[in-house]
Amino acid sequence: MSHPTTRKSAEGPLARLRRPVAEGSSAAVRFEGGPASRSLRCLHCGTAVEDPEDTYCCRGCEIAAAIIRGAGLGRYYEEREEFAPRPQPALDAWHTIPVHVGEDGVADVRLMVDGLRCASCVWVTENVLQRTPGVVEAAVSYATGRATLRWDPARVDLPSLAGRIAALGYRPRLLGEESRPDRDLLLRLGVAAFAASNIMLIYVALYAGWFGGMDARFVTLFQWASLVLATPIALWCAVPFFSGAIQGLRHGVLHMDLPIALAVAVLYGHGVFTTFWGGHAYLDSLGMLVALLLAGRMLEGRSRRRAAEAAVSLAATVPATARRIRNGEVRVVAADELRPGEIIDVGTGEECAADGTVVDGAGTVRMAIITGEARPVAIGPGDRVVAGAVLQDGAVTLRVEAAGQETVLQRMAEQLRSAADRGARPSRSDRIAPWFTAGTLLVAGVTFAVWLIFSGVGVALTTCVAVLVVACPCALALSRPLAAAAGLGAAARRGLLFRSADALLDLVDADVVALDKTGTVTRGELTVLRADDATLRVAAGLERFSAHPIAAAITAEAARRNIPLPRAEGVRERVGEGVSGFVDGREWTLRSGGPGRVVLVDARGSRAEVHLGDSVRSDSRRAVRAIRALGLDVVLLTGDHEEVASAIAEEAGIQQVIPRVDPEGKAEWIRSRQEAGHRVLFAGDGVNDGPGLAQADVGVAMGTGAASSLLVADGVVSQGSILPIEVGIRAARACRRAIRLNQARSIGYNVLAVSAAAVGWVNPLVAAVLMPLSSLMVIWGASRVEAVVRGGSE
């Protein structure tokens, strides 16, 4: 069956986008008959075409443009930052997916939309959906690639909406249940922040009144207002700290929650006493202490939720339905209903719904979901495939071996969910906490007893509270986060963004750096490594209507070289054999020529090759050398064959290679290194790298990688390079040094301040001055991190 050649006249404002390719870009043609004229670009995806009547390079782009123009969004083509992707075949199983319909009769669903390239992609997708009759709400997030849809089932259905997304060139996938933020903690933080900020304003007036004079009735009013605002902070917002302290005492563990809970209780009790019987309270310190610490817990909870979100994104890769064959009848059923031994059909462009073995048919399948490799794999009877793998061409019948939660992909997702429950290691501040608490209580008790004997209960209580206030764990608790924030900023400015301070500090002790190959050390794309322009032109003409990865690589290389796509007629694509057709009046055939290459031949016997594969990033070797200079071992982990893996490792300067290892094998290798006493940093970019990223002490994802790898990773490289990893290691080491110095300064401050308070030299105003001074001391220490990292980078 031949592909139709698209012909459409340039009409309306969209015709302005048919930009000509620069003259002189067409290369000399070795084969006869190749024109060397100026060309135009496909209006939608930007692929160069030769024929002036070819407004679009394929039927899919023509349909996408018609949808955008029909929705009145033509200005998308003028404002977009990048060309849209070429549309791919849409799946046909959306009609079997159940949707939730609310009491108001409105259906809703959440989707993952792959392929969004810029803000204009989000804008056009969102607006096309919003302007579809029957759609109540449509929101698309560029940050996460997720879409929320609500519609009237009587006017439009889910298959139509998914089809419109796919027709634009983006791929919709169904999302499952996601973890939700801790709304209780968020509410406590909101109340604490609101009350604390107002208490601070009131105390500014009270302190000013010490020097300018303030009527006693206003002092009383402000004190009561502060107590009213502080009551929900102490009795409700601070409950998590009291709960943590009590649980720690029950299990014989003294961590930072205990001194915090003690400080809150004493500050609030003293505030109640002074409000009723006179004196100065420390409710401003109480409010800010609780608000800041709750904010830290909120950020910590975000990092734990990311692993669960990654599991949802990964599990969504498996289709929700499958075509099951039973008693000669084909029926579409939910993928969860499949059982081992059953038979299912998989067609071109579809994902496999279960792990299984091919019993009939042939084709090529993209296994990047598991192996991470860009190159498609030919399959036939007896070959095994896994759920989530995409059949690029052909049609196969599978015997199910594992379905539902038993598939390899679902086991990977379960590993990511387990990462969310991984316990955090105690920090240095937690180890200091028992001694800090015991010392503070001892000094406060002795102070109270001595002053009680010589000056009475009033002075004794005030002096005791002053000791507890100046010895508040604020300075000690801030020494780590402030230095960590400086380290996070230093790394981020150089291209490595960490999810949390824990991830940055975990990097300090890493002694092994394990790198995934595809998309990390290499560019991660099936690309044309070697081919002359004339061969590439003819091959691109034959492949312009195909969705096969090899076709995409050939047409993309032609576009990069500004080689326009010629018109091809009588194109025939045969599964496992190749593609043939007429270009420039001659018949050509493009077929496999062995691993990593395809061969172009014509009826006269002319023969040329196109070599395909992945290429090493230009700066990978320099990055590996810099990491090794810091004393770390570098290892390459890949699912590719030993010959290919060794060649890539040699080019990148990596001495140790672990080839032919699947995702679970990567996680197991990392686990074995950890059991041997090593701390492992793992960097990867694909969906299949999720288990390794979750298992590693520090997981770093490439920013251009799969959404699930970004969610589960501890850090993200924001540029196409692994050089920021070396900078991150130096930033982490500088950060740890700063933290240790800050903690030493904090302990020194507490010794001096507590001593001064114990002898009665600290009144409320002095305490109000000492507390920010201790923070400034810690901030100064943290500021040295940037200077150290900058000095190393220079």
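Residue numbering for the sequence shown follows the working numbering, starting at 1 and increasing by one per position.
Glycine included, every Cβ here is placed at the ideal spot set by N, Cα and C.
Only a predicted model underlies this, so the values are computations on that prediction, with no experimental measurement involved.
From residue i to residue j, what distance separates their C-alpha atoms?
i	j	result
Glu-642	Arg-660	7 Å
Leu-442	Val-470	14 Å
Cys-61	Ala-552	14 Å
Phe-582	Val-49	16 Å
Val-140	Glu-79	18 Å
Ala-281	Thr-220	12 Å
Gln-223	Gly-279	10 Å
Leu-66	Arg-75	In the sequence as displayed, the identity of residue 66 is Ala instead of Leu. The straight-line gap from Cα to Cα measures roughly 13 Å.
Cys-352	Val-101	28 Å
Leu-461	Ala-438	19 Å
Ala-570	Asn-327	Before going on, a small fix: residue 570 reads as Gly here, not Ala. Using only the alpha carbons, I get a separation of about 39 Å.
Glu-786	Ala-205	37 Å
Tyr-207	Val-762	15 Å
Asp-619	Asp-689	22 Å
Val-228	Ser-746	32 Å
Cys-45	Leu-612	22 Å
Val-751	Met-298	31 Å
Arg-784	Ala-334	58 Å
Leu-723	Asp-614	19 Å
Val-386	Asp-257	47 Å
Gly-115	Ala-147	13 Å
Ser-160	Cys-121	19 Å
Assign residue i to one of two classes, buried (16 or more other C-beta atoms within 10 Å of its C-beta) or exposed (fewer than that).
i	result
Trp-451	buried
Ile-729	buried
Asp-284	buried
Ile-725	buried
Leu-186	exposed
Arg-560	exposed
Trp-669	buried
Val-789	buried
Asp-104	exposed
Trp-151	buried
Trp-210	exposed
Gly-70	exposed
Trp-236	exposed
Val-400	buried
Ile-246	exposed
Pro-595	exposed
Gln-695	buried
Asp-516	buried
Verify whether the separation of the beta carbon atoms of residue i and residue j is less than 8 Å.
i	j	result
Ala-483	Ala-738	yes
Thr-407	Asp-355	yes
Val-113	Gly-145	yes
Thr-555	Thr-47	yes
Arg-188	Leu-294	yes
Val-135	Val-156	yes
Leu-632	Ala-510	yes
Val-727	Leu-497	no
Thr-522	Arg-621	no
His-548	Asp-393	yes
Val-700	Val-680	no
Gly-347	Leu-391	yes
Trp-588	Leu-526	no
Val-698	Leu-529	no
In the DSSP assignment, what are the bridge partners of residue i?
i	result
Gly-613	Thr-527
Gln-656	Val-635
Trp-588	Gly-581 and Asp-602
His-100	Asp-108
Glu-573	Val-579
Val-365	Val-377 and Leu-391
Glu-137	Arg-150
Leu-515	Leu-636 and Ala-683
Thr-462	In the DSSP output, where bridge partners are listed per residue, Thr-462 has none listed.
Arg-607	Val-601
Would you please state the rounded distance, in angstroms, between the beta carbons of residue i and residue j? I believe it to be under 8 Å.
i	j	result
Leu-590	Val-579	5 Å
Val-365	Ile-379	5 Å
Ile-233	Ala-195	5 Å
Gly-653	Thr-520	Wrong, their Cβ atoms sit about 14 Å apart, outside the cutoff.
Pro-52	Leu-43	Contact flag wrong, Cβ pair sits at about 13 Å.
Ala-162	Pro-172	5 Å
Within 8 Å of any Cβ in chain C, is that where the Cβ of residue i sits?
i	result
Leu-40	In the displayed structure, chain C is absent; only one protein chain is listed.
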